[in-house]
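Participant: Here it is, the structure, as structure tokens.
Protein chains in written order, with the working numbering: chain A, 1324 to 1577; chain B, 1324 to 1577; chain C, 1324 to 1577; chain D, 1324 to 1577.
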């Protein structure tokens, strides 16, 4: 009946640097990966290794383009124009595509990273730059974005297949946006509470906002953060609970 | 009867930096361009502009991947492994491909830049890394390399269509390799002498080496340097003289 | 009686890229230079050449630190913390200091570049990060900033010798800030009008804002843009006119 | 009677990336640190943290400049000129100096990193570029280099205080150089054997080369690699054994 995609940001090392020791294990419990493309993380050597791993696991592969800010890991907002966003996203999609192509698999989706993702929720110009780059590269690609944000709207306007992403470990505000990390109640640290939120989002298309109100939400894919200390156990538990509740965990299909 | 491709390295600015004021004019006199892909030169914004310009001029478009060395403009040798070369070339081909794809035109060839090009003449591992990346991305791409070097051999071994490149303004040694720039007689500065060399290479498949001996050579494409002071007039003259000598200037075709 | 410092941003090339052909000539008509330190422009090789040139001309030398954004030439705002600003400014001051020290001359001042400069006019945290870095490196350094902005205030609070900078080719708003470049009347293109503004700022400590009102201003140094097409002639003219009006052009002294 | 300095390369993270979880603990067992300066590793934020930590531990602080190759961690040889080496080393020394100065401590030495270190053992031009940069910044700085290599010679020629560095976990060849990592017997994995080698180098100024011959060596400082799996226990053991053998572990003094 119900189904959901579980995605994880992956391949976020750089050169000799690794960000996650257990990528291979994490990948056993998800259905799609977003692979860093060299700007906020992910040099060419890392990209090849990550694409090969995703191929071996049979995962749906997406590009995860970020701002050109390695020191800040792409998490610092920059005042970039729509055209600059278009170009940096197009460049990174192409770079990742090359590895996917060389490995004989498919590029399935694009999900912007960090500050680029967050800016695209609110800023229509950033959203349009991203969506247009995806469309111009391949209009059949899925575009992942935060539920109800400008990026989803910009993608829809172009006729892209847009994928509403929700978060298991973050709380929501009344307008459907995430509670900023700067606020005390932004994170859900209790595993059960986190799972209950996901379950309600999938089955009832609802989430309880921080002010107690029920709001509408759509959960096509759930983002799992792979860099937490107990990321693997959280993921294993979520995976198990979803299956127990008869929710199919499967990648998105055209 | 006779024909030849004229190619030029282009799009080698970065951000606010421009390397060549007259790129648009130069492009009126050539048939193929090699566009920088972000490592030795060419940021995403520059790449879009360059691809658009090449499309407007109807030129055959190639990727021009280089070493990750912006300060050294990709001209300093680095001890990179075959796998590192494979990955950096694949990455850069994909990045340029994205702009070409978005503009609705074709990617026709790959020509490595600077130190990567020169190392691939002599070093079979570097040559194999490049050739394999081109092949894995698209086996129908042309691979440009210095006449008779290891890159051409590595490309032939994989079944790639290899393109022997010669130089109008450089002298040759008895073994068919270019005289190193460190030697006094490496450059041909006289325009007529330069043209005579090109003419003989195309019509007779021969060139006179610095020691006076005639050697065999194959000239599928002639590289024109766009950054010389009088690059435009040199190019106009070469173009005119070739036509007067009934040599068709045309891009390579599959 | 009256005196003023004329400063110019210099050494803003990178690797093989040059931004200004006439740096040496420009430097004959100014008294202090702000030298790029490698983040928005200025690689180590360029820095050595620029410091040597400034030494030969006997100019007062300053560090010109920018945001880590070579593609955007340091002109795109980034959401950086006070601590990140402190560290990036400290790093760049030290890097330039090494060349100044090796050449046996003095580092006299620090002037932030581009978006970092502009953010420091309004944002007290950015201003504090810069001022503290200057102070911690050497409390005797001059700190250049836009008249009356947060950077000047932050510097004063620490006891730094702050230098109010004005612009010859920009108009002012009623609050003493520059008219944003996005507005039609932001630039002064008429040379005489530009000179009259400078003269009034130096002699009367006043400037006529765009709404016609006279406002107070302090002109310790005038910034000359070296990248305009006729930068050299503008500078020569300004220099000549100031001398005719008995205003000494001289560097700032401790 | 006997004494030795124990040094460790430190601060080799970048942005969000960390290379060593136990830096603080490692630093309890050594006397000097070499801190990465931003080219092969070590962004400004990391540099501040590392300098503070070294200050807290009372360690002797050195700059650890590398090649501009973050992807390759500065371990890939590059064909750089003497002048390029001079400039990149000078730049990095200055950058680190700024943090040391701001923290009110001293910069004591310079030790080149990775490929730059190795090239300077054999290549007199690279060696001269490094030594001259150190000298021009501050002729009182110690220069660390591999025993008997070109770097030590170049430093001595300039009158720098040169420090012969030996390695606890590497074997030596008959000419006093390290056995290349590509050879099977290059590493010493047995802790006792490693300690015996160090003891003999310090007390007898000798080491047994891989061919069994005794050769002369001078051990002013021993390099400890901090990135091995059991780096901390190796270091603790070496430290303890040296003390048991009445060898003082102390930093170098002017």
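We put the CB at the ideal spot given by N, CA and C, even for glycine.
1) What does residue 1544 (chain A) reach in chain D if we use C-beta pairs closer than 9 Å?
2) With a floor of 3 residues, list each beta strand (DSSP E) that falls wholly inside the segment 1366-1428 of chain A, ordered by position along the chain.
3) Report the neighbours of residue 1407 (chain D) on chain C: residues whose CB is nearer than 9 Å to its CB, in chain order.
4) Beta-carbon within less than 8 Å of residue 1382 (chain C)'s beta-carbon, same chain only, minus the 5 sequence neighbours each way: which residues are those?
5) DSSP state of residue 1433 (chain B), grouped into three classes?
6) Taking the straight line between their C-alpha atoms, what separation do you get for residue 1540 (chain C) and residue 1442 (chain C)?
7) Taking C-beta to C-beta, are residue 1456 (chain C) and residue 1413 (chain C) nearer than 8 Å?
8) Any beta carbon of chain C sitting closer than 8 Å to that of residue 1534 (chain D)?
9) Along chain A, which residues have their Cβ under 7 Å away from the Cβ of residue 1549 (chain D)?
10) Among A:1525, A:1473, A:1469, whose alpha-carbon lies nearest the alpha-carbon of residue 1452 (chain A)?
11) Of all Cβ atoms in chain D, is any one closer than 8 Å to the Cβ of residue 1418 (chain C)?
12) So with Cβ pairs under 8 Å, would you call residue 1462 (chain D) a contact of chain B?
13) Would the segment 1431-1447 of chain A count as touching the segment 1389-1398 of chain A if we require 3 or more Cβ pairs under 8 Å?
14) Is the segment 1367-1384 of chain C touching the segment 1416-1424 of chain C, taking contact as three or more C-beta pairs under 8 Å?
15) Can you check whether the C-beta of residue 1339 (chain A) is within less than 8 Å of a C-beta belonging to chain D?
16) At which residue ranges does the segment 1452-1492 of chain C contain complete beta strand (DSSP E) runs of 3 or more residues, listed in the order of the chain?
17) What does the alpha-carbon distance come out to for the pair residue 1560 (chain C) and residue 1328 (chain B)?
18) Indicate whether residue 1491 (chain B) and residue 1547 (chain B) have their beta-carbon atoms separated by less than 8 Å.
19) From residue 1504 (chain D) to residue 1552 (chain D), what does the alpha carbon distance come to, in whole angstroms?
20) When DSSP labels each residue in this structure, what does residue 1355 (chain B) get in the three-state scheme?
21) In the segment 1378-1398 of chain D, which residues sit with their C-beta less than 7 Å from some C-beta in chain B, listed in chain order?
22) Could you give the DSSP three-state label for residue 1442 (chain A): helix, strand or coil?
23) Return helix, strand or coil for residue 1540 (chain D), following the three-state DSSP convention.
24) Under 8 Å between C-beta atoms, does residue 1402 (chain A) make it to chain C?
25) Compute the Euclidean distance between the alpha carbons of residue 1463 (chain A) and residue 1401 (chain A), then round it to the nearest angstrom.
26) Put residue 1579 (chain C) into one of helix, strand or coil per three-state DSSP.
27) For residue 1333 (chain C), report the span of its beta strand (DSSP E) as first-last.
28) Cβ of residue 1361 (chain D) less than 8 Å from any chain C Cβ?
29) Measure the Cβ-Cβ separation of residue 1332 (chain A) and residue 1549 (chain A) and say whether it is below 8 Å.
30) Under 8 Å Cβ to Cβ from residue 1537 (chain A), same chain only, skipping five residues before and after it: list those, please.
31) Rounded to whole angstroms, what is the Cα-Cα separation between residue 1325 (chain A) and residue 1507 (chain C)?
32) Need the endpoints of the beta strand (DSSP E) that residue 1529 (chain D) sits in, please.
33) Excluding the 5 residues preceding and the 5 following residue 1479 (chain B) in the sequence, name in chain order all residues of the same chain whose CB lies nearer than 6 Å to its CB.
34) Helix, strand or coil: how does DSSP classify residue 1511 (chain B) here?
35) Would you check whether the ligand MG has a heavy atom nearer than 7 Å to the C-beta of residue 1470 (chain D)?
36) Cβ closer than 8 Å: which chain C residues qualify as neighbours of residue 1342 (chain B)?
Facilitator: Put simply:
1) Along the first chain, one-based indexing puts residue 1544 (chain A) at 221. None at all; the shortest Cβ gap to chain D is about 24 Å.
2) 1383-1387, all fully within the segment 1366-1428 of chain A.
3) Here residue 1407 (chain D) refers to the residue found at position 84 of the fourth chain. Here the neighbours are 1367, 1368.
4) Position 59 of the third chain, counted from the first residue, corresponds to residue 1382 (chain C). Hits under 8 Å: 1350, 1353, 1354, 1355, 1356, 1574.
5) Locating residue 1433 (chain B) in the second chain gives position 110, where the first residue counts as 1. Strand, per DSSP.
6) Here residue 1540 (chain C) is taken as the residue at index 217 of the third chain, counted from 1. Here residue 1442 (chain C) is taken as the residue at index 119 of the third chain, counted from 1. One C-alpha to the other measures close to 20 Å.
7) Mapped onto the third chain, residue 1456 (chain C) falls at position 133. Mapped onto the third chain, residue 1413 (chain C) falls at position 90. Yes; because the gap between Cβ atoms is below 8 Å, this pair is in contact.
8) Locating residue 1534 (chain D) in the fourth chain gives position 211, where the first residue counts as 1. Residue 1534 (chain D) does not count as touching chain C.
9) The residue labelled residue 1549 (chain D) in the question sits at position 226 within the fourth chain. None at all; the shortest Cβ gap to chain A is about 13 Å.
10) Residue numbering aside, residue 1452 (chain A) sits at position 129 when the first chain is read from its first letter. Closest option to residue 1452 (chain A), Cα to Cα, is A:1473.
11) Translated into the one-based positions of the third chain, residue 1418 (chain C) becomes position 95. It does: the Cβ of residue 1418 (chain C) has a partner Cβ on chain D nearer than 8 Å.
12) Numbered from its first residue, the fourth chain carries residue 1462 (chain D) at position 139. Answer no: the Cβ-Cβ gap between residue 1462 (chain D) and chain B never drops below 8 Å.
13) yes
14) yes
15) Counting from 1 along the first chain, the entry for residue 1339 (chain A) is found at position 16. Under the Cβ criterion of 8 Å, residue 1339 (chain A) is counted among the residues facing chain D.
16) 1465-1469, 1484-1490
17) The sequence position of residue 1560 (chain C) within the third chain is 237, counting from 1. The sequence position of residue 1328 (chain B) within the second chain is 5, counting from 1. Roughly 51 Å between the two C-alpha positions.
18) The residue you call residue 1491 (chain B) lines up with position 168 of the second chain. The residue you call residue 1547 (chain B) lines up with position 224 of the second chain. It is a contact, given that the beta carbons lie within the stated cut-off.
19) Here residue 1504 (chain D) refers to the residue found at position 181 when the fourth chain is read from its first residue. Here residue 1552 (chain D) refers to the residue found at position 229 when the fourth chain is read from its first residue. For residue 1504 (chain D) and residue 1552 (chain D), the distance between alpha carbons rounds to 18 Å.
20) Position 32 of the second chain, counting from 1, holds the residue named residue 1355 (chain B). In this structure, residue 1355 (chain B) counts as strand in the three-state DSSP scheme.
21) Going along the segment 1378-1398 of chain D in chain order, one finds 1391, 1394 with a Cβ nearer than 7 Å to chain B.
22) What you label residue 1442 (chain A) is simply residue 119 of the first chain in a count that begins at 1. Note: residue 1442 (chain A) maps to helix in three-state DSSP.
23) Walking along the fourth chain from the start, residue 1540 (chain D) turns up at place 217. It is coil, neither helix nor strand.
24) Counting from one through the first chain, the residue named residue 1402 (chain A) turns up at place 79. Taking Cβ atoms only, chain C reaches closer than 8 Å to residue 1402 (chain A), which makes this a yes.
25) Looking up residue 1463 (chain A) in the first chain gives position 140. Looking up residue 1401 (chain A) in the first chain gives position 78. So the two alpha carbons sit approximately 29 Å from each other.
26) Only positions 1324 to 1577 of chain C appear in the structure, and residue 1579 (chain C) is not among them; the question remains open.
27) Start at 1 with the first residue of the third chain, and residue 1333 (chain C) comes out as number 10. 1325-1333 is the extent of the beta strand (DSSP E) around residue 1333 (chain C).
28) For this step, residue 1361 (chain D) is matched to residue 38 along the fourth chain. Interface residue, yes.
29) As a position in the first chain, residue 1332 (chain A) is number 9, starting the count at 1. As a position in the first chain, residue 1549 (chain A) is number 226, starting the count at 1. Yes, the Cβ-Cβ distance between residue 1332 (chain A) and residue 1549 (chain A) is below 8 Å.
30) For the purposes of this step, residue 1537 (chain A) is taken as the residue at position 214 of the first chain. 1529, 1530, 1531, listed in sequence order.
31) Looking up residue 1325 (chain A) in the first chain gives position 2. Looking up residue 1507 (chain C) in the third chain gives position 184. Their backbone Cα atoms lie some 57 Å apart in a straight line.
32) As a first step, residue 1529 (chain D) must be located in the fourth chain, where it is residue number 206. Element bounds for residue 1529 (chain D): 1529-1531.
33) Start at 1 with the first residue of the second chain, and residue 1479 (chain B) comes out as number 156. Around residue 1479 (chain B): 1485.
34) Taking the first residue of the second chain as position 1, residue 1511 (chain B) is located at position 188. Of the three classes helix, strand and coil, the one that applies to residue 1511 (chain B) here is coil, per DSSP.
35) Although the ligand MG was asked about, the structure shown includes no ligands whatsoever.
36) The residue you call residue 1342 (chain B) lines up with position 19 of the second chain. Near residue 1342 (chain B) (Cβ distances below 8 Å), the residues of chain C are 1339, 1340.
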